[in-house]
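A.B. asks: Take a look at this one; I'll ask things after.
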Amino acid sequence: MLRPIVIAIAIFLNCLIIPSSAQAETPTWQSAAAVDDWSEESWDDDNWGEEQHSPWQVTGFIEAAYGQFLQDNIVSSTQSLTELRGRINVDYSHSVFQLTAKGDVLFDNVINDNQWQTRELNIAFSPVNNLDIKAGRQVLTWGTGDYVFLNDLFAKDWQSFFSGRDDQYLKAPSDSIKATWYGQNLSIALVWTPDFTPDNFITGERFSFYSLNDLAQVAPAQYFQVDQTTGSQWSSRIATTINSVEYAIYGYRGYWPTPQGMKMADNTSLLPYFPKLNSWGASARMPLANGLFNVEYANYLSLEDSNGSNPLIANSQHRFLLGYETELFKNFTASGQFYLEHTQDHQAYVNSLPMMELAVEQNRQVVTLRFTYRAMQQRLQWSLFNFYSPTDEDGYLKASVDYRYSDRWSVALGSNIFYGEQAHTFFAQHEQNTNAWLRITAQF
Amino acid sequence: MLLIIRLLAIVIISGLMSSLIYAADVNEIIKKSNLASYYAGDDGRAQARMIIVDANGNKQMRLFTILRKDQADLGDQDMLVFFSRPTDVKGTVFRVTKKMTSDDDRWLYLPALDLVKRISAGDKRTSFVGAHFYYEDVSGRNPAEDNFSLIKETPEHYVIKATPKDANSVEYAYYHVTIDKQNYIPMQVQYFNPSDVAIRELKVLKLENIQGFPTVLHAKMTRLTDGSYTEMQFRGVKYNIGLPDSIFSERSLRTPPKAWLK
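Structure below.
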């Protein structure tokens with residue numbers, strides 16, 4: 000395992016030459032050079048790194064990441080993560096608008112692919128007082144859960160989450176228009192995504208999963224065909240704060256973000272697809288007993304199977320979440336969540352399965368615990384996050400340690416451990432995907 | 000004999016009276032000092048930078064802009080902190096509603112995830128973004144949490160000892176604060192452990208009068224146990240700029256109010 004790490008680091012160090020030469024050529028890299036003005040010599044000067052004079056700002060990072068499966072896995076690679084990523088962020092600030100462009104050059108050795116990924120490319124402006132518009136590719140998040148999403152149906156990247164990439168990659172971007180109106184202690188947000196953006200879900204390319212059709216662990220990768228969905232998504236939220244309690248109500252009109260349905264293709268075989276989904280819900284978040292308490296509810300209406308009679312389409316659900324977080328002692332934060340997923344028309348769903356034993360319980364429950372400890376003036380962070388389902392008797396443990404050597408260099412080490420009693424349950428089906436990873440990042 | 004008793008009585012009574020005067024004085028001094036340190040003007044803006052130096056001499060930097068508005072002098076306050084450096088925290092915004100009668104409300108906006116994270120009020124005596132300054136040092140400690148006594152008076156300074164009412168809520172046993180008699184700015188604060196050893200020290204290195212308000216422009220917080228420290232500098236300080244209440248909201252986290260940050 001060491002040798003690939005050394006190679007990754009060597010490639011990584013070589014790549015550092017690229018940004019430094021670019022720095023010399025492009026005037027917009029001035030802001031990066033301003034970091035050097037922050038050296039101790041200039042500390043007593045009045046030179047603060049005058050990047051404010053330029054409306055352009057260019058920042059970014061280079062990251063080398065390596066991860067390996069800790070068990071035999073049927074996917075083609077033995078590595079869960081081997082990549083070199085160069086991120087560039089370009090911001091242009093004008094008094095009436097803001098342009099944001101963020102992109103990654105990714106050399107991904109797990110799937111042998113080199114690509115450019117546009118992370119964000121958007122314009123933000125306020126056409127009238129009280130109204131903010133953000134149009135273009137953007138990352139969107141709302142809701143109160145910690146790694147648990149109810150009313151947040153914006154695209155997630157589960158492959159990144161499983162592989163140990165930085166948390167920001169858990170959210171996949173979407174091409175959307177977001178309009179937010181702000182009133183007296185009230186905000187109304189409406190998001191339109193003209194082209195439905197699904198999650199980056201598990202396909203077998205990087206991680207294997209249990210197939211209810213084959214009754215076996217599978218890794219179809221490129222053979223995982225999904226019927227494409229053309230349609231748009233609408234998401235909305237109304238939020239207010241009264242006496243330190245944040246309240247929000249949500250609405251969604253679109254599709255299940257993962258292919259929760261099967262339909263006939265070419266009259267010969269069944270193809271997974273994204274059935275229609277509407278949802279509504281509410282949340283509250285408030286300080287309580289020296290900590291923070293949150294509660295959230297969502298009602299998922301699976302429109303194409305509203306009475307649960309279609310065995311090929313996911314049923315409607317009630318989703319419910321309770322959470323509490325507190326600082327137990329200095330620099331040590333603990334949080335817990337209880338999540339309940341109630342499947343409606345459960346008997347119809349059970350009858351649709353090839354074997355009753357494969358059924359998810361009508362009230363699937365998940366308990367999560369998170370412990371975070373910060374040491375060395377917050378430069379070292381230990382983190383432990385565990386999902387455990389008492390109904391599925393399975394779980395998922397994410398452990399990591401993050402060390403910030405300097406403002407430029409940081410290194411993170413962690414693992415994704417899946418466990419459980421049975422081969423098919425939500426987390427246990429990923430047991431083979433259990434992996435450990437390492438990332439080294441240089442900011443510029 | 001009678002004379003001696005009478006003299007003794009006078010000494011005791013005058014002693015009692017002077018300590019009573021002191022008690023009244025000391026709270027007045029702390030009030031004025033708190034006002035001068037954290038409530039200058041009705042609102043204000045400042046650009047700040049910090050250099051964080053660990054025991055091995057390794058350095059980190061932070062650059063941010065602060066907007067503050069007082070609901071009332073010595074009362075509740077709203078604060079926004081916009082980070083611009085280092086590059087990995089650029090766009091991160093910290094929002095606090097400081098409350099006198101209940102826990103502060105605190106939020107952190109993480110732009111990479113478009114996430115508004117609420118932070119539990121909990122322990123205010125944890126490092127502010129990795130610096131030697133605590134959250135409480137930046138926003139101000141509620142004077143109601145300490146008992147004060149005047150231990151020394153020089154022609155220029157008051158030296159006041161502060162003892163926490165709840166000893167378990169803090170990491171020190173008591174602290175000494177040296178307050179400038181002219182402007183009531185605490186020029187030095189020393190924190191002691193139960194063995195009377197100074198463990199932490201704040202020193203004001205530069206003070207200037209801005210719009211009639213004495214303003215700290217350079218301060219240093221040192222952890223005396225290992226010599227590590229953080230220096231904080233301010234510039235572009237302006238008071239009474241007329242910040243509207245509406246900018247202290249979730250909107251400013253996602254869309255920083257540029258007009259007020261210049």
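Chains as they are written, first to last, in numbering that gives the first Met the number 0: chain A, 0 to 443; chain B, 0 to 261.
Where is the CB? At the ideal position from N, CA and C, for every residue including glycine.
All figures in this text were calculated on a predicted structure; none of them were measured in a lab.
With a Cβ-Cβ cutoff of 8 Å, do G280(A) and N298(A) count as a contact?
C.D. replies: On the first sequence, residue 280(A) is found 281 positions in, with the first residue counted as 1. On the first sequence, residue 298(A) is found 299 positions in, with the first residue counted as 1. Contact flag set, yes.
A.B. asks: Can you grab the Cα-Cα spacing for the pair V188(B) / Y174(B), in whole Å?
C.D. replies: On the second sequence, position 189 is the one that residue 188(B) refers to. On the second sequence, position 175 is the one that residue 174(B) refers to. Distance between the alpha carbons of V188(B) and Y174(B) is about 7 Å.
A.B. asks: Looking at C-beta atoms only, is the number of pairs between the segment 51 to 71 of chain B and the segment 229 to 246 of chain B that lie closer than 8 Å three or more?
C.D. replies: yes
A.B. asks: Leaving out five residues on either side along the sequence, give the residues of the same chain with a beta carbon under 6 Å from the beta carbon of D391(A).
C.D. replies: Translated into positions along the first sequence, residue 391(A) becomes position 392. Cβ within range, chain order: T424 and F425.
A.B. asks: Less than 8 Å between the C-beta atoms of A47(B) and F63(B), yes or no?
C.D. replies: Taking the first residue of the second sequence as 1, we reach residue 47(B) at position 48. Taking the first residue of the second sequence as 1, we reach residue 63(B) at position 64. In this structure, F63(B) lies closer than 8 Å to A47(B) by Cβ.
A.B. asks: My guess is that K101(A) and R86(A) are in contact by the Cβ rule of under 8 Å, so how many angstroms apart are they, rounded?
C.D. replies: Residue mapping note: residue 101(A) aligns to position 102 of the first sequence, counting from 1. Residue mapping note: residue 86(A) aligns to position 87 of the first sequence, counting from 1. Confirmed, Cβ separation roughly 7 Å.
A.B. asks: Rounded to a whole number of angstroms, what is the C-alpha to C-alpha distance between S159(A) and G66(A)?
C.D. replies: As a working mapping, residue 159(A) is identified with position 160 in the first sequence. As a working mapping, residue 66(A) is identified with position 67 in the first sequence. So the two alpha carbons sit approximately 12 Å from each other.
A.B. asks: Closest to G59(A) by CA distance: which of D41(B), K89(B), K151(B) and G211(B) is it?
C.D. replies: Here residue 59(A) corresponds to residue number 60 of the first sequence, with the count starting at 1. When each option's Cα is compared against that of G59(A), the closest is K89(B).
A.B. asks: Check this for me: beta carbons of D166(A) and P256(A), under 8 Å apart or not?
C.D. replies: Within the first sequence, numbered from 1, the residue matching residue 166(A) stands at position 167. Within the first sequence, numbered from 1, the residue matching residue 256(A) stands at position 257. Their beta carbons are not under 8 Å apart, which means D166(A) does not touch P256(A) by this criterion.
A.B. asks: With 16 as the cutoff for other CB atoms within 10 Å, does D213(A) come out buried or exposed?
C.D. replies: Taking the first sequence and counting its residues from 1, one reaches residue 213(A) at position 214. Exposed, since its Cβ has fewer than 16 Cβ neighbours within 10 Å.
A.B. asks: In chain order, what residues of the segment 121 to 145 of chain B put their CB closer than 9 Å to some CB of chain A?
C.D. replies: The residues in question are G121, D122, R124, T125, S126, V128, G129, A130 and H131.
A.B. asks: For F223(A), return the contacting residues in chain B, with the cut-off set at a CB-CB distance below 9 Å.
C.D. replies: Taking the first sequence and counting its residues from 1, the one referred to as residue 223(A) is at position 224. In chain order: nothing, as chain B lies at least about 27 Å away.
A.B. asks: Does DSSP put P26(A) in a helix, in a strand, or in coil?
C.D. replies: As a position in the first sequence, residue 26(A) is number 27, starting the count at 1. Annotation note: pLDDT 30 at P26(A) (below 50); position unreliable, no value reported.
A.B. asks: On the three-state DSSP scale, how would you describe S36(B)?
C.D. replies: Taking the first residue of the second sequence as position 1, residue 36(B) is located at position 37. DSSP places S36(B) in helix when its eight states are reduced to three.
A.B. asks: Return the CA-CA distance between L206(B) and F370(A), expressed in angstroms with no decimal places.
C.D. replies: Position 207 of the second sequence, counted from the first residue, corresponds to residue 206(B). Position 371 of the first sequence, counted from the first residue, corresponds to residue 370(A). Straight-line Cα distance between these residues: approximately 42 Å.
A.B. asks: Counting only beta-carbon atoms, is T254(B) nearer than 8 Å to chain A?
C.D. replies: As a first step, residue 254(B) must be located in the second sequence, where it is residue number 255. So, interface residue.
A.B. asks: Could you give the residue range of the beta strand (DSSP E) that holds W233(A)?
C.D. replies: By one-based count along the first sequence, residue 233(A) stands at place 234. Run containing W233(A): Q232 to I241, per the beta strand (DSSP E) assignment.
A.B. asks: Which of the three DSSP states is assigned to L212(A) in this structure?
C.D. replies: Taking the first residue of the first sequence as position 1, residue 212(A) is located at position 213. The question names Leu, but residue 212(A) in the sequence shown is Asn. Of the three classes helix, strand and coil, the one that applies to N212(A) here is coil, per DSSP.
A.B. asks: Going by C-alpha distance, which of D104(B), I198(B), L109(B) and I246(B) is nearest S227(B)?
C.D. replies: Here the question's residue 227(B) lines up with position 228 in the second sequence. Among D104(B), I198(B), L109(B) and I246(B), the Cα nearest to that of S227(B) belongs to I198(B).
A.B. asks: Take the Cβ of W157(A) as the centre, count every other Cβ of all protein chains shown within 10 Å, and call the residue buried at 16 or more, exposed below.
C.D. replies: Locating residue 157(A) in the first sequence gives position 158, where the first residue counts as 1. With 16 or more other Cβ atoms within 10 Å, it is buried.
A.B. asks: For E360(A) and T342(A), what's the separation of their Cα atoms in angstroms?
C.D. replies: Here residue 360(A) refers to the residue found at position 361 when the first sequence is read from its first residue. Here residue 342(A) refers to the residue found at position 343 when the first sequence is read from its first residue. Per the coordinates, the alpha-carbon of E360(A) lies some 8 Å from the alpha-carbon of T342(A).
A.B. asks: Do L69(A) and A411(A) come within 8 Å of each other at the CB atom, strictly closer than that value?
C.D. replies: The count along the first sequence starts at 1 and reaches residue 411(A) at position 412. The count along the first sequence starts at 1 and reaches residue 69(A) at position 70. No, they are not a contact pair.
A.B. asks: Check whether chain A comes within 8 Å of E249(B), counting only Cβ atoms and requiring the distance to be less than that.
C.D. replies: Position 250 of the second sequence, counted from the first residue, corresponds to residue 249(B). E249(B) counts as touching chain A.
A.B. asks: Which residue's Cα is closest to the Cα of H131(B): A218(B), V25(B) and S101(B)?
C.D. replies: One-based indexing of the second sequence puts residue 131(B) at position 132. Minimum Cα distance to H131(B) is reached at A218(B).
A.B. asks: What residues from chain B crowd round L383(A), counting only those whose CB sits closer than 9 Å?
C.D. replies: Numbered from its first residue, the first sequence carries residue 383(A) at position 384. Those within 9 Å of L383(A) in chain B number zero; the least Cβ separation is about 18 Å.
A.B. asks: Which residues in the same chain as T224(B) place their Cβ atom closer than 6 Å to its Cβ, once the five residues preceding and following it in sequence are excluded?
C.D. replies: Stepping through the second sequence from its first residue, residue 224(B) is reached at position 225. For T224(B), where only same-chain residues beyond five positions count, the Cβ hits under 6 Å are I198.
A.B. asks: By how many angstroms is the C-alpha of T367(A) removed from the C-alpha of F386(A)?
C.D. replies: Here residue 386(A) corresponds to residue number 387 of the first sequence, with the count starting at 1. Here residue 367(A) corresponds to residue number 368 of the first sequence, with the count starting at 1. C-alpha separation (whole angstroms): 4 Å.
A.B. asks: What does P85(B) reach in chain A if we use C-beta pairs closer than 7 Å?
C.D. replies: Start at 1 with the first residue of the second sequence, and residue 85(B) comes out as number 86. Under the 7 Å cutoff, chain A gives D406 and Q442.
A.B. asks: Could you work out which residues of chain A lie near D102(B), taking near to mean beta carbons separated by less than 9 Å?
C.D. replies: Translated into the one-based positions of the second sequence, residue 102(B) becomes position 103. Near D102(B) (Cβ distances below 9 Å), the residues of chain A are S243, P286 and N289.
A.B. asks: What are the boundary residues of the alpha helix (DSSP H) that includes D136(B)?
C.D. replies: Position 137 of the second sequence, counting from 1, holds the residue named residue 136(B). It spans Y134 to S138 - the alpha helix (DSSP H) in which D136(B) sits, taken as one unbroken run.
A.B. asks: Under a three-way DSSP split, which group does E303(A) fall into?
C.D. replies: Position 304 of the first sequence, counting from 1, holds the residue named residue 303(A). When secondary structure is reduced to three states using DSSP, E303(A) falls in the helix class.
A.B. asks: Taking the beta strand (DSSP E) that Q114(A) belongs to, which residues open and close that run?
C.D. replies: On the first sequence, position 115 is the one that residue 114(A) refers to. From DSSP, the beta strand (DSSP E) with Q114(A) extends over D112 to F124.
A.B. asks: For K68(B), which residues does DSSP report across the bridge?
C.D. replies: As a working note, residue 68(B) is residue 69 in the second sequence. D42(B) and D77(B), per the DSSP bridge assignment.
A.B. asks: Please state whether DSSP places Q158(A) in a helix, a strand or coil.
C.D. replies: For the purposes of this step, residue 158(A) is taken as residue 159 along the first sequence, with counting starting at 1. In this structure, Q158(A) counts as helix in the three-state DSSP scheme.
A.B. asks: Below 8 Å on the Cβ atoms is my contact criterion, and I expect T96(B) with D87(B) to pass it. Report the Cβ-Cβ distance as a whole number of Å.
C.D. replies: As a position in the second sequence, residue 96(B) is number 97, starting the count at 1. As a position in the second sequence, residue 87(B) is number 88, starting the count at 1. 26 Å between Cβ atoms; not a contact.
A.B. asks: For W259(B), which three-state DSSP category applies?
C.D. replies: As a position in the second sequence, residue 259(B) is number 260, starting the count at 1. W259(B): helix per DSSP, three-state reduction.
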